[in-house]
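Numbering (the UniProt record's numbering), first residue to last: 1 to 449. We put the beta carbon where it would ideally sit given N, CA and C, even for glycine. Note that the structure is predicted; figures quoted are calculated from it, not measured.
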């Protein structure tokens, strides 16, 4: 998972809105006394336009959430800070909360265990299905690729010559590409956080750390497959001689220590919508880094990135199958979960990225990825459109009133995001050129827009 990702969309440079920025895009909004047709995409004041990438849509897509039968209401997150907020040294949940508070935003303690007992029973009923459907999508270890398949063999007599050739190819690749590749690698290296996130989900968590349940097996084996991604990219970057590995390693340690809050509320309905989106975002991102590597003449790096992308695609298939099954068993609850995640926006796994120096590191990394076309706001919209089509969301019949409204919202959302992205891109094109220094490439300046 890289943001992906691992994810996002979210990245465009330059300042986007002020604290009161609200772009009317149609949908649902609240006047504080009830609901009325008219929708809002609220962009937090500190969010930079370029942050529509890799997980930003840290813009909340609706000012109004539907009331549940119990009368519970999720309020607008219009005043929430951008999901791309970067925490300072010693990062962690408390530091992130303190930073939000210092910026005048409410401290979001989050909801937990939001799934109903009926939904928990539905998830538990899927155990056999998970074993029959998900586990076959995992590859046997003896038939799996390993990082050493794509990198010079240190036990070979040709090792030094192979490394020289690798470094020679790397010299033809510009700094901005390395910024994106490093950002993707760092996101992959925060894998412990993602396994932790999966093991917060009620009904599917690995209760013992070695649970024989299909869900436990899936999570551990998925993690084992993903672990190769960060390992391979890390070794390549070390051998390339193009990056400051100490700065990179510090960023990895900060990120794992900071964790992430994808707003999944211990709820597998929300969690698997999130992972479906994230894995596709990572597939797109790694696929594009492969394409760029090929353009720069490094076919070996292109093959490595392409192989990682193929893994992400296979994992995406698994997670989308889970949500497809949930739609079959509980169409109303799953529709509301899909709506809820898209309203909140998909927070990218590395949004708390920090290197000990830059407070805007993730925003800057996202901006470079947007400019290079590695992962863009348009990709965010295309992923949503893909999921709507994949789950046949438009054609699900007989939904309750709330779920029907949610259905209408998510089906119309991709075109709204596209319009927002086009406006942001138009504004970005008029902005003066901006650069940022990245510790990862020895504090050299890289163009952001």
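- Nearest neighbour of residue 117 by Cα position, chosen from 172, 151, 217, 269, turns out to be 269.
- CA-CA distance, residue 166 to residue 342, rounds to 42 Å.
- As DSSP reads the structure, residue 445 sits in a beta bridge with 437.
- Runs of alpha helix (DSSP H) with 4 or more residues, each lying fully within the region 120-163, are found at 127-133, listed in chain order.
- By the beta-carbon neighbour count (other beta carbons within 10 angstroms, threshold 16), residue 263 is buried.
- In chain order, 222, 279 place their CB closer than 7 Å to the CB of residue 315, counting only its own chain and leaving out the 5 sequence neighbours on each side.
- Between residue 426 and residue 355 the beta-carbon gap is near 32 Å, outside 8 Å, which marks them as no contact.
- Boundaries of the alpha helix (DSSP H) harbouring residue 287: 268-295, taken from the DSSP string.
- In terms of Cα proximity to residue 259, the closest of 350, 175, 141 is 350.
- Exposure of residue 299 is indicated by the presence of fewer than 16 other C-beta atoms within 10 angstroms of its C-beta.
- Measuring C-alpha to C-alpha distances from residue 310 to each of 217, 394, 281 identifies 281 as the nearest.
- Here residue 275 has 319 as same chain residues with Cβ atoms under 7 Å from its own Cβ, once five neighbours each way along the sequence are excluded.
- Cβ-Cβ distances below 7 Å link residue 230 to 185, 188, 189, 191 in the same chain, with the five nearest sequence neighbours on each side left out; the list follows chain order.
- Inside the region 310-356, DSSP marks whole alpha helix (DSSP H) runs of 4 or more residues at positions 331-344, from first to last along the chain.
- Per DSSP, the unbroken alpha helix (DSSP H) holding residue 225 starts and ends at 214-240.
- Rounded to the nearest angstrom, the gap between the Cα atoms of residue 209 and residue 216 is 8 Å.
- Of the candidates 359, 369, 390, 336, the residue whose Cα lies closest to the Cα of residue 324 is 390.
- Residue range 401-430 is occupied by the alpha helix (DSSP H) that includes residue 414.
- Excluding its 5 nearest sequence neighbours in each direction, residue 336 has C-beta neighbours in its own chain below 6 Å: 403, 406, listed in chain order.
- If only complete runs of 4 or more residues are kept, the region 162-204 shows the alpha helix (DSSP H) at 175-189, 191-198, in order along the chain.
- Looking only at 289, 213, 127, 339, the smallest Cα-Cα distance to residue 179 is reached by 289.
- Nearest to residue 198 by alpha-carbon distance, out of 175, 172, 385, 266, is 266.
- Listed in chain order, the non-local C-beta contacts of residue 443 below 6 Å within the same chain comprise 437, local neighbours out to five positions each way being set aside.
- Per the C-alpha coordinates, the member of 201, 294, 308, 360 positioned closest to residue 172 is 294.
- CA-to-CA, the gap between residue 378 and residue 422 works out to about 9 Å.
- Taken atom to atom, the span from the alpha-carbon of residue 177 to that of residue 256 is near 23 Å.
- Ranked by Cα distance from residue 287, the options 369, 207, 224 are led by 369.
- By the Cβ-count criterion, residue 365 is buried, with 16 or more other Cβ atoms from all chains shown falling within 10 Å of its own Cβ.
- In the three-state DSSP reduction, residue 366 falls in the helix class (H, G or I).
- The closest CA to that of residue 135, considering only 218, 146, 382, is found on 218.
- Boundaries of the alpha helix (DSSP H) harbouring residue 248: 245-258, taken from the DSSP string.
- For residue 388, the enclosing alpha helix (DSSP H) begins and ends at 377-390.
- Proximity to residue 252 across 261, 233, 340, 241 peaks at 233, based on C-alpha coordinates.
- Inclusion of residue 321 and residue 334 in the CB contact set at 8 Å is not warranted, their separation being larger than that value.
- In this model, residue 240 and residue 150 are separated by some 13 Å (Cα to Cα).
- At the C-beta level, residue 413 and residue 384 come within 8 Å of one another.
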